[in-house]
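Structure (structure tokens):
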């Protein structure tokens, strides 16, 4: 079954066997598209993006993630894709200090991840990263409101201490 083939590609990825993982993800993607299996195609594309990201090919990783968002917006993996894309955009900001941060685009992606991942770690992490992005941009009131919502929605969250310390540091 295709699901097992994707899991095997994930195993190869975790073993850092990049070329083999890429080959398996690409074959899974072709099979998923031939079978009109949108969820499997989205998972294969996310796998390809992960391999690219681990090989410092972030821009190529972004292309795969954007394909998930444009071609398969209704599958459950789309929330993760939006989250990954926002993270990669943020990472590229730090890798290229002369590049201006596209805060609105980043926050829109986190918002999409929150909506598609309601009640899951995807929503929780998207909220935490949004607090950091807002605070970094100097939008402290918005960041505080979102931090409060995060703490209320996820009282046992690992983000609690982070968002409190991040807001305190940004306020200085």
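Residue numbers (our numbering): 16 to 187.
Where is the CB? At the ideal position from N, CA and C, for every residue including glycine.
- By the Cβ test, the stretch 122-132 is not in contact with the stretch 166-180, since fewer than three Cβ pairs between them sit closer than 8 Å.
- Under the criterion of beta carbons closer than 8 Å, residue 155 and residue 185 qualify as touching, at roughly 6 Å.
- Of the residues assessed, residue 95 falls on the buried side of the cut-off, its CB having 16 or more other CB atoms within 10 angstroms.
- By alpha-carbon distance to residue 87, the top candidate from 72, 61, 31 and 22 is 61.
- Residue 22: member of the alpha helix (DSSP H) spanning 17-29, first to last residue.
- DSSP, read as helix, strand or coil, puts residue 167 in helix.
- Between residue 24 and residue 57, the C-beta gap is not smaller than 8 Å, which leaves the two residues out of contact.
- Looking only at 168, 35, 181 and 167, the smallest Cα-Cα distance to residue 152 is reached by 181.
- Taking 8 Å as the upper bound for CB-CB distance, residue 28 and residue 65 are in contact here, some 6 Å apart.
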